[in-house]
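J.: Dropping a structure here in structure tokens format, bear with me for questions.
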Amino acid sequence: MLIGSHVSIAGGIFNAPDNAAAVGAECFQMFTRSPQGGPAPKLTQEIVADFLERCKTHKISEWVVHAPYYINLASEKEILRKSSVRVLREELERDSLIGAKYMMFHAGSAKGVGSAEGVKLVIDNCRRILDGYTGSTELLIEISAGAGDVIGDTFEEIAEILHGVDTDKSLSQKMNVCFDTQHAFGSGYDLRTEDAVHETFAQFDILIGLSRLKMSHCNDSKIELGGHKDRHEHIGDGLIGTKGFKAILHHPKLQHLNLYCETEHELVAEDIKKLKKIRG
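If you want it as structure tokens, here you go:
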């Protein structure tokens, strides 16, 4: 179980490994482009080689990429759905060039189409993203906090999407899951005690399967259980609390997960230290 964080790529993606090492991260997450929009910076052979050499220098063995925030595979606007598919496929190809293990995305909002149609659209568009894809970076859907009409805030909905993609046998098991502690807590999954953590992940195992859980964003929560808002807090300072994170890090069936903090940069090094101490 490695512990790391999201890091900046200011000045170029080759700076990400240095930024990770500076905060004590054993693994790291990054964007490869602006999360708000615009063209993706070109990844030349020189840039990729520099990036990989710095990962080697800092002895970092895993890095992942977060998809841009503007993605919406369930949009009522066809042009936005198509551009989201194009960007996610392009991102998977880019991430394979730099050896990223995973690329996670938020499915988007079903506003204007309804949840049932929104789930169908996400399934269809995930199939389009993966059709013919042969790269090494794995596509992960991230559980959401469930604000408004956002798709993917329940284990049942995530399972429906995965199973829908799996019905195409060529794509079976090609997409898996990124857990986010704060999003799950905001969606109503209790993580505050050992018993609660075991119950939550037992539900996950029944509905989705722990084998499909590949990584986790590790964030405390500023909002209450079931508050349906995306509000990250520093480890131990929120409503999940240290007891909850201790239960997660020591859960016998979660030892395959690597954890990535997505907290404010000023204190993320402290969050990493706290998690390492809990890990023991």
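Position in the sequence shown counted from 1, then plus 1138, gives you our numbering. Every residue, glycine too, gets a C-beta built ideally from N, C-alpha and C.
DSSP has Leu-1405 in a bridge; who is on the other side?
T.: Looking at the DSSP assignment, Leu-1405 forms no beta bridge with any residue, so it has no partner.
J.: If you compare alpha carbons, which of Lys-1249, Thr-1305, Glu-1229, Val-1161 is closest to Lys-1215?
T.: Here the closest residue by C-alpha is Lys-1249.
J.: Tell me whether Lys-1352 sits in a helix, a strand or coil according to DSSP, three-state version.
T.: Strand at Lys-1352.
J.: Which ranges would you report for the alpha helix (DSSP H) in the segment 1261 to 1310 if only whole runs of at least 4 residues count?
T.: Those alpha helix (DSSP H) runs which fall completely within the segment 1261 to 1310 and span 4+ residues are 1293 to 1304.
J.: On the CB-based measure, 16 or more other CB atoms within 10 Å of its CB, does Asp-1333 come out buried or exposed?
T.: It counts as exposed.
J.: Give a yes or no on whether the C-beta atoms belonging to Leu-1235 and Ala-1205 are separated by under 8 Å.
T.: Result no, Cβ atoms of Leu-1235 and Ala-1205 do not sit closer than 8 Å.
J.: The beta strand (DSSP E) that contains Val-1161, what's its start and end?
T.: It is not in any beta strand (DSSP E) - Val-1161 carries neither H nor E in the DSSP assignment.
J.: Which residue marks the beginning of the beta strand (DSSP E) containing Gln-1167, and which one marks its end?
T.: Unbroken beta strand (DSSP E) run through Gln-1167: 1166 to 1168.
J.: How do the segment 1280 to 1300 and the segment 1373 to 1393 stand: do at least 3 beta-carbon pairs fall below 8 Å, yes or no?
T.: Judged by Cβ distances under 8 Å, the segment 1280 to 1300 makes no contact with the segment 1373 to 1393, as fewer than three pairs qualify.
J.: Can you tell me which of Thr-1401, Glu-1402, Tyr-1398, Phe-1383 puts its alpha carbon nearest to the alpha carbon of Gly-1418?
T.: Gly-1418 has its Cα closest to that of Phe-1383, out of Thr-1401, Glu-1402, Tyr-1398, Phe-1383.
J.: For a test of the three-state rule: what should DSSP assign to Ser-1172, helix, strand or coil?
T.: Three-state result, Ser-1172: coil.
J.: For Glu-1200, does the three-state DSSP call read helix, strand or coil?
T.: Note: Glu-1200 maps to coil in three-state DSSP.
J.: State the DSSP-derived secondary structure class of Asp-1233, mapped to helix, strand or coil.
T.: In the structure shown, Asp-1233 sits in a helix (DSSP, three-state: H, G or I).
J.: Can you look up Asn-1314 in the DSSP assignment and give me helix, strand or coil?
T.: Correct three-state label for Asn-1314: strand.
J.: Under the three-state reduction of DSSP, which class applies to His-1144: helix, strand or coil?
T.: Looking at His-1144 - three-state DSSP - the assignment turns out to be strand.
J.: Nearest-angstrom Cα distance between Asp-1328 and Gly-1273?
T.: Whole-angstrom Cα-Cα distance: 36 Å.
J.: Measure the Cβ-Cβ separation of Leu-1211 and Met-1241 and say whether it is below 8 Å.
T.: Result no, Cβ atoms of Leu-1211 and Met-1241 do not sit closer than 8 Å.
J.: Identify whether His-1370 lies in helix, strand or coil by the three-state DSSP scheme.
T.: Note: His-1370 maps to strand in three-state DSSP.
J.: With 16 as the cutoff for other CB atoms within 10 Å, does Pro-1177 come out buried or exposed?
T.: Looking at its Cβ environment, which holds fewer than 16 other Cβ atoms inside 10 Å, Pro-1177 is exposed.
J.: Considering only their Cβ atoms, is the gap separating Leu-1413 from Leu-1387 smaller than 8 Å?
T.: Yes. Within cutoff.
J.: Taking only the alpha-carbon atoms, compute the straight-line gap between Ala-1187 and Ser-1213 and give it to the nearest angstrom.
T.: Roughly 37 Å separates the two Cα atoms.
J.: Check whether the Cβ atoms of Leu-1268 and Met-1313 sit closer than 8 Å, and answer yes or no.
T.: It is a contact, given that the beta carbons lie within the stated cut-off.
J.: Closer than 8 Å by C-beta to Phe-1152: which residues in its own chain qualify, once you throw out the five before and the five after it? Chain order, please.
T.: Correct list, in chain order: Ile-1185, Asp-1188, Phe-1189, Arg-1192.
J.: Could you tell me whether the Cβ atoms of Glu-1280 and Asp-1306 are closer together than 8 Å?
T.: Not in contact: Glu-1280 and Asp-1306 (Cβ atoms no closer than 8 Å).
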